[in-house]
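**Q** Letter by letter, the sequence shown follows residues 3 to 67 of my numbering.
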Amino acid sequence: MSESNAVLIGNKPVMNYVLACITLFHGGAKEINVKARGRSISIAVDVVEVVTRRFLPDVKIKKIG
């Protein structure tokens with residue numbers, strides 16, 4: 003997986019990152035990497051939950067770490 007398939011989480015609203023993830027998947031990415039540090043980790047969890055439960059239910063979480 004290349005670094006272009008990474009979504010770096012910061013201080014923007016959750017839906018901005020959700021849209022970035024959906025755009026990557028619709029662009030042909032087979033897997034993406036959601037990266038966060040510190041206080042942004044909770045936003046990253048929210049992003050992944052919204053993507054998997056609401057928009058792309060076929061997407062599976064491969065690794066958390």
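Each residue gets a CB set at the ideal place from its N, CA and C atoms; glycine is no exception.
Counting along the chain, where does the beta strand (DSSP E) carrying Val9 start and finish?
**A** One-based indexing of the sequence shown puts residue 9 at position 7. Looking at the DSSP string, the run of the beta strand (DSSP E) that includes Val9 is 8-10.
**Q** Measuring only the C-alpha atoms, how far is Val52 from Pro15?
**A** Looking up residue 52 in the sequence shown gives position 50. Looking up residue 15 in the sequence shown gives position 13. When rounded, the distance between both Cα atoms is 13 angstroms.
**Q** Between which two residues does the alpha helix (DSSP H) containing Asn18 stretch?
**A** The residue given as residue 18 occupies position 16 in the sequence shown. Unbroken alpha helix (DSSP H) run through Asn18: 16-28.
**Q** State the DSSP-derived secondary structure class of Val61, mapped to helix, strand or coil.
**A** For this step, residue 61 is matched to residue 59 along the sequence shown. DSSP places Val61 in coil when its eight states are reduced to three.
**Q** Within this structure, are the beta carbons of Thr54 and Val47 separated by less than 8 angstroms?
**A** The sequence position of residue 54 within the sequence shown is 52, counting from 1. The sequence position of residue 47 within the sequence shown is 45, counting from 1. No, Cβ-Cβ distance for Thr54 and Val47 is not below 8 angstroms.
**Q** Should Ile63 go down as buried or exposed, given a rule of 16 or more other Cβ atoms within 10 Å for buried?
**A** Mapped onto the sequence shown, residue 63 falls at position 61. Result: exposed.
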